[in-house]
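Residue 1 is where the sequence shown starts when you use UniProt numbering, and the numbers rise one by one after that. For each residue, glycine too, the CB sits at the ideal point set by N, CA and C. If you're wondering where the values come from, they're calculated on a predicted model, not measured in any experiment. Structure, as structure tokens:
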Amino acid sequence: MANLLEMHNITKKFGDVVALNNISISLEMGEILSLCGENGSGKSTLMKVLCGIYPHGDFQGEITFAGEKLVAKNIKDTESKGISIIHQELTLVKQMSVLENMFLGNEITQFGITNDNEMYLRCQTLLEQVQLNVDPHTKVAELGLGQQQLVEIAKALNKQVRLLILDEPTASLTEKETAILLNLIKDLKAHNIACIYISHKLNEVKAISDKICVIRDGEHIGTHLATDLSEDNIITMMVGREITSLYPVEPHEIGEEILRVENLNAWHTTNTHIKRVDNAHFALHKGEILGVAGLVGSGRTEMAQCLFGSYLGKYQGDIYLENQKVEIKNCTQAIERHIVMVPEDRKKHGIVPIMSVGKNITLAALPQFCFGKKVINEPLEETIINQSIAKLKVKTASVDLAIGRLSGGNQQKAILAKCLLLNPKILILDEPTRGIDVGAKYEIYKLINQLAQQGIAIIVISSELPEVLGISDRVLVMHQGKIKADLINDNLTQEQVMEAALKETL
Ligand SMILES: Nc1ncnc2c1ncn2[C@@H]1O[C@H](COP(=O)(O)OP(=O)(O)OP(=O)(O)O)[C@@H](O)[C@H]1O
Ligand SMILES: [Mg+2]
């Protein structure tokens, strides 16, 4: 069978940085190829070359698609040939409805007038195809990240797609949504639609791919049949060495109580009779790593937001810091009390994309580097930035690069660096390793352990149960806003946690 796609000897530089060095990949019709590699290895860049975001002439090498040389000036050119990309960071217009997003720039018209009825029906069909049960008129802002991802996919299906590129599509999806998506990709394959799949979740990669291609530092390491590679093989190819343990074991001492939460309740922002957090009680100790497990929507993020003063709806409860009752009405008050949170949705809450990596890191802690009130001590700021970047191993060509240009995982590390500058006593991490590669995950776990050794109390919310069990001293299990169990992690199993989530009462 002739190849659908050939990318031949692709080299792409950003200034002096060689992001891709002579990479070749090929794909047959209806084939699923996964791209694996550490953060910053060049996966997204290779896909941006393929779909014309970096136009012909902006890179070296050749691309052939469906038997023709592909010379694209922009993404419209490749879309018209049947290549659709769904980016790592979603690009829907939040203020617009699902329907408006679906047909943006692609409206169905009749005699020059948009045919609203036709678009509504088509939108409904597409939403059914991705099993997303929302009204086409719903505003995108009201949807969760996972649901937005499904809208993006529905949007791609609306175009005559022959090759679908998914750049980390499941990073923010629930297990159920992920299963829907993987089935969808298999369905598309049955209709001869090919797919390039990028994910750090190697179990998914194994399950879905025909072939797996690994790149490291912009170099092609190898492409093999999925059946010929184990997850360990993929990891070794990705990082260039064998990783023996996924979770570092560094003993840390658990000290006295630092935080106590009693009768915490939070109500839905619009549907105010619904509780998102329902009468939560728990304590946290110095040097303790407290995992919070539960399904997406179980109230974990909302509970954390109440502690950080960032919950948008009404909330109420008794919060004691070092046995003193406190009120935390906003993030400023939380930070003053050394409670710091790394949010889940980094694009919305975490970074200022057009500002430099360095400035993003120091942004929240600027008063620390000022002479008097207003003048920044620039040499000191620079030293701190460099120290932070080294400590968290943020991979960036320069501290002056706009942070929006860093690879997804490296943005996450920079946000963590920013939060650490606030000298937290209580650090709340919401999905801290989302979109982060295995090697960097290990580094982040190590850092969490080191912070605990220094006596910092840490709350880690994570949808990945193995991660919660791998790093926590104690685990809170949440379900439908309630804390269903508070378990010491003494070789806890996933089954025990799941069981606790679903049982009737504590
Ligand atoms: N516009 C840009 N300007 C400068 N450097 C860039 C730009 N885009 C990407 N890079 C650099 O190119 C390298 C590859 O980045 P890329 O986003 O392709 O990584 P990735 O493999 O997708 O990583 P992740 O898994 O974190 O998403 C990184 O070092 C990144 O900082
Ligand atoms: Mg990427």
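message = Excluding the 5 residues flanking D318 on each side, which residues of the same chain have their C-beta closer than 7 Å to its C-beta?
response = In the sequence shown, residue 318 corresponds to position 318, counting from 1. Once the five neighbours on either side are set aside, the close Cβ partners of D318 are E262, N263, K325.
inquiry  = Give me the residue from S388, A266, K374, I426 with the minimum Cα distance to Y320.
reply    = One-based indexing of the sequence shown puts residue 320 at position 320. Nearest C-alpha to Y320: I426.
Member of H137, L284, E253, E256 whose CA lies at the smallest distance from the CA of Y120 = Start at 1 with the first residue of the sequence shown, and residue 120 comes out as number 120. Nearest of H137, L284, E253, E256 to Y120, Cα basis: H137.
key: Segment contact flag, the segment 362 to 381 with the segment 453 to 467, C-beta cutoff 8 Å, min 3 pairs   = no
query = When we look at the beta-carbon of L506 and count the other beta-carbons within 10 Å, is it buried (16 or more) or exposed?
reply = On the sequence shown, position 506 is the one that residue 506 refers to. Bear in mind that a pLDDT of 45 at L506, under 50, signals an unreliable position, so the number given afterwards is only what the model happens to contain. Classification for L506: exposed.
key: With 16 other Cβ atoms within 10 Å as the buried cut-off, status of T396   = Mapped onto the sequence shown, residue 396 falls at position 396. Its Cβ being crowded by 16 or more others within 10 Å, T396 is buried.
task = Might you give, ordered along the chain, the residues of its own chain that have their beta carbon closer than 8 Å to the beta carbon of N489, omitting 5 neighbours on each side?
result = Taking the sequence shown and counting its residues from 1, one reaches residue 489 at position 489. Closer than 8 Å at Cβ, skipping near neighbours: G291, L469, S472, D473, R474, V475.
task = Could you work out which residue in T269, H252, D345, M303 is closest to residue 508 when comparing CA atoms only?
result = Outside the displayed range of the chain (1 to 506) lies residue 508, so it cannot be described from this structure.
key: Minimum length 4: unbroken alpha helix (DSSP H) runs contained in the segment 31 to 89   = 43 to 50, 75 to 81
query = When every heavy atom of ligand 2 is checked, does at least one fall within less than 7 Å of the C-beta of Q412?
reply = In the sequence shown, residue 412 corresponds to position 412, counting from 1. Not so, every heavy atom of ligand 2 lies at least 7 Å from the Cβ.
ask   = What do you reckon, is the C-beta of F59 under 7 Å from a heavy atom of ligand 1?
value = The residue given as residue 59 occupies position 59 in the sequence shown. Flag unset: Cβ of F59 not near ligand 1.
key: Nearest residue (CA-CA) to S356, options I339, L392, K418, M7   = Working through the sequence shown from its first residue, we reach residue 356 at position 356. Minimum Cα distance to S356 is reached at K418.
query = DSSP on M29, reduced to helix/strand/coil?
reply = The sequence position of residue 29 within the sequence shown is 29, counting from 1. M29: coil per DSSP, three-state reduction.
ask   = So which of E443, T170, V17 has the shortest CA-CA distance to V239?
value = Start at 1 with the first residue of the sequence shown, and residue 239 comes out as number 239. Ranking the options by Cα distance to V239, first place goes to E443.
request  = Compute the minimum distance between the beta carbon of V17 and the heavy atoms of ligand 1, and state whether it is under 7 Å.
outcome  = On the sequence shown, position 17 is the one that residue 17 refers to. V17: yes, Cβ under 7 Å from ligand 1.
query = How about V130 and L184: are their beta carbons less than 8 Å apart?
reply = Locating residue 130 in the sequence shown gives position 130, where the first residue counts as 1. Locating residue 184 in the sequence shown gives position 184, where the first residue counts as 1. Yes, Cβ-Cβ distance for V130 and L184 is below 8 Å.
query = By Cβ distance, which residues of its chain are closer than 7 Å to A2, with the 5 residues on each side in sequence left out?
reply = Stepping through the sequence shown from its first residue, residue 2 is reached at position 2. Contacts found: G67.
task = Examine ligand 1 and report whether any of its heavy atoms sits within less than 7 Å of the Cβ of R260.
result = Locating residue 260 in the sequence shown gives position 260, counting from the first residue. Checking the Cβ of R260 against ligand 1 gives no.
query = Which value, in whole angstroms, describes the spacing of the CA atoms of V296 and I289?
reply = For the purposes of this step, residue 296 is taken as residue 296 along the sequence shown, with counting starting at 1. For the purposes of this step, residue 289 is taken as residue 289 along the sequence shown, with counting starting at 1. C-alpha separation (whole angstroms): 20 Å.
request  = Determine the extent of the alpha helix (DSSP H) in which L246 is found, giving its start and end residues.
outcome  = Here residue 246 refers to the residue found at position 246 of the sequence shown. Per DSSP, L246 belongs to no alpha helix (DSSP H) and is neither H nor E.
query = Would you say the beta carbon of S44 comes nearer than 7 Å to a heavy atom of ligand 2?
reply = Here residue 44 refers to the residue found at position 44 of the sequence shown. Yes, since a heavy atom of ligand 2 falls inside the 7 Å radius drawn around the Cβ of S44.
request  = Pick out whichever of T236, I215, T125, A141 has its Cα sitting closest to the Cα of Q95.
outcome  = For the purposes of this step, residue 95 is taken as residue 95 along the sequence shown, with counting starting at 1. Q95 has its Cα closest to that of A141, out of T236, I215, T125, A141.
request  = List the whole-angstrom C-beta distance separating K314 from T272, where the pair is believed to meet the contact cut-off of C-beta under 8 Å.
outcome  = Position 314 of the sequence shown, counted from the start, is the residue given in the question as residue 314. Position 272 of the sequence shown, counted from the start, is the residue given in the question as residue 272. Yes, K314 and T272 are in contact; Cβ-Cβ is about 7 Å, under 8 Å.
task = From the DSSP output, in three-state form, read off E204 for me.
result = Taking the first residue of the sequence shown as position 1, residue 204 is located at position 204. It is helical.
task = Rank A500, L229, N39, V342 by C-alpha distance to the C-alpha of N203 and give the top, closest one.
result = As a first step, residue 203 must be located in the sequence shown, where it is residue number 203. Checked all of A500, L229, N39, V342; the closest Cα to N203 is L229.
request  = Could you name the residues of the same chain whose beta carbon sits closer than 8 Å to that of N9, not counting the 5 residues immediately before and after it, in chain order?
outcome  = By one-based count along the sequence shown, residue 9 stands at place 9. Same-chain partners within the cutoff: N22, I23, S24, Q60, G61, E62.
query = Terminal residues of the continuous beta strand (DSSP E) containing L225?
reply = Position 225 of the sequence shown, counted from the start, is the residue given in the question as residue 225. From DSSP, the beta strand (DSSP E) with L225 extends over 219 to 225.
Simplified DSSP state of H281, which is helix, strand or coil = Position 281 of the sequence shown holds residue 281. H281 falls in the strand class under three-state DSSP.
message = Using a Cβ-based criterion (distance less than 7 Å to any ligand heavy atom), does S97 qualify as near ligand 2?
response = Position 97 of the sequence shown, counted from the first residue, corresponds to residue 97. No.
query = If you measure from the CB of K201, is any heavy atom of ligand 1 nearer than 7 Å?
reply = Numbered from 1 along the sequence shown, position 201 holds the residue referred to as residue 201. Every heavy atom of ligand 1 is 7 Å or more from the Cβ of K201, so no.
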